[in-house]
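So that you can map any letter, position 147 of the sequence shown is 207 in our numbering, and since no number is skipped, the others follow by simple counting.
This report refers to the structure that appears directly beneath it.
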Amino acid sequence: MLNIALPKGRLGDQVYELLSSIGYDCKSIYEQNRKLIFENPKNNVRYLLVKPSDVAIYVEHHAADVGIVGRDILLENRPDVYELLDLGLGKCRMCVAARSGYIEDKDRPLRVATKFVNIAKQYYADQNRDIDIIKLNGSIELAPILGLSDVIVDIVESGNTIRENDLRVIEEFLPISARFIANKTSFKFQNQIIREMVEKLTDAVKEQNI
Ligand code: PRP
61 MLNIALPKGR
71 LGDQVYELLS
81 SIGYDCKSIY
91 EQNRKLIFEN
101 PKNNVRYLLV
111 KPSDVAIYVE
121 HHAADVGIVG
131 RDILLENRPD
141 VYELLDLGLG
151 KCRMCVAARS
161 GYIEDKDRPL
171 RVATKFVNIA
181 KQYYADQNRD
191 IDIIKLNGSI
201 ELAPILGLSD
211 VIVDIVESGN
221 TIRENDLRVI
231 EEFLPISARF
241 IANKTSFKFQ
251 NQIIREMVEK
261 LTDAVKEQNI
C-alpha cells in the first residue's frame, strides 16, 4: 500500500481528481464523514487527509510515502524529502503588501507580519533591510490595518483578500504551486511504484494543460 498525504481542502480535491483520473481512485473518499484515512486495496493506495501545512511532516517522518504540498511550505520549513514534480496546481504568489498609500521609512526596521517567517527573513536579508518579524497564524491582512505591522508577507491567489481589505501588493517575489514529494526511504524501497505514479502524473499534467 502506498500512503499518500493529501492536503485537506480545495487543493487536495484537485489533486485527488488528478490522481483518480490516472488510476489511483478511492471512491470512499467522497463519503461525507469525519474519517481521515481512505484506502482502495485494488490499486494499493491509502489516502491520509492532513492539514496542508502538515503534509511534509508526515512525509519526512515516513508516516506517509508521498504527498502533495505547496512550494511555500517547502521553502519555509525545508523538510528532508525529495521534491519530484511540479503539479502546476494551486498557483499563487508570495507577496509583500501594505495599506494603500503606505510610505516606507527606511531609517527604522520594517515591521513585517507573516506566517512565513523564514521566507520573509531571507527576502529582506537579500536586500540588507532590517526587519522586525511579527509571526501570525492567519488573517495576516489585519496586521497593517490595525497598525500591528508596516507590511505583510503572504500568499496572494485571486487577490480578493488584499483588495477587500484596502491593501495593495508592493512586490511579488515567489511563484508558488503544488509539488509532489516523497519520503527518501520510500523512494528507495518503493521506487517502481513511486516512479510510475510520477510518470503518470507528468503525462496527466501535460495532457490536461495544467
Ligand atoms: C490565504 C492567504 C491570504 C489568502 C489569499 O489565507 O493567507 O489571506 O489566502 O487568497 P486570495 O488572494 O485568493 O484572496 P487562507 O485562506 O489560507 O486563510 P488564513 O487567513 O487562515 O491564513
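Cβ coordinates follow ideal geometry from the N, Cα and C atoms, glycine included.
- With contacts defined by Cβ atoms closer than 8 Å, residue 126 and residue 240 form a contacting pair.
- Distance from the CA atom of residue 221 to the CA atom of residue 249, rounded to whole angstroms, is 44 Å.
- Closer than 7 Å to some heavy atom of ligand 1: that describes the Cβ of residue 199.
- Here the distance from the Cβ of residue 219 to the nearest heavy atom of ligand 1 is below 7 Å.
- The distance from the Cβ of residue 262 to that of residue 71 is about 19 Å, inconsistent with a contact at the 8 Å cut-off.
- Judged by DSSP secondary structure, residue 83 falls outside any alpha helix (DSSP H); it is assigned neither H nor E.
- Beta-bridge analysis with DSSP links residue 207 to no other residue.
- Straight-line measurement puts the Cα of residue 78 at about 12 Å from the Cα of residue 86.
- For residue 140, the closest alpha carbon among the candidates 81, 259, 194 and 242 is that of 242.
- No heavy atom of ligand 1 is found nearer than 7 Å to the CB of residue 241.
- In the structure shown, residue 67 falls within a strand segment according to DSSP collapsed to helix, strand and coil.
- Checking the 7 Å criterion, the Cβ of residue 132 is out of range of every heavy atom belonging to ligand 1.
- Under the rule that a run must span 3 or more residues, the beta strand (DSSP E) segments found entirely inside the segment 126-204 read 126-130, 142-146, 152-159, 170-174 and 191-195.
- The beta-carbon separation of residue 61 and residue 104, rounded to 5 Å, stays under the 8 Å limit for a contact.
- Straight-line spacing of the CA atoms in residue 147 and residue 164 works out to 37 Å.
- Boundaries of the beta strand (DSSP E) harbouring residue 234: 227-236, taken from the DSSP string.
- Under the three-state reduction of DSSP output, residue 109 falls in the strand class.
- Relative to ligand 1, residue 167 has its C-beta separated by 7 Å or more from all heavy atoms.
- Secondary structure at residue 96: coil, using DSSP grouped into helix, strand and coil.
- Exposure of residue 90 is indicated by the presence of fewer than 16 other C-beta atoms within 10 angstroms of its C-beta.
- The distance from the Cβ of residue 160 to that of residue 228 is about 5 Å, consistent with a contact at the 8 Å cut-off.
- Each of 162, 252, 219 and 96 was checked against the Cα of residue 209, and the nearest Cα belongs to 162.
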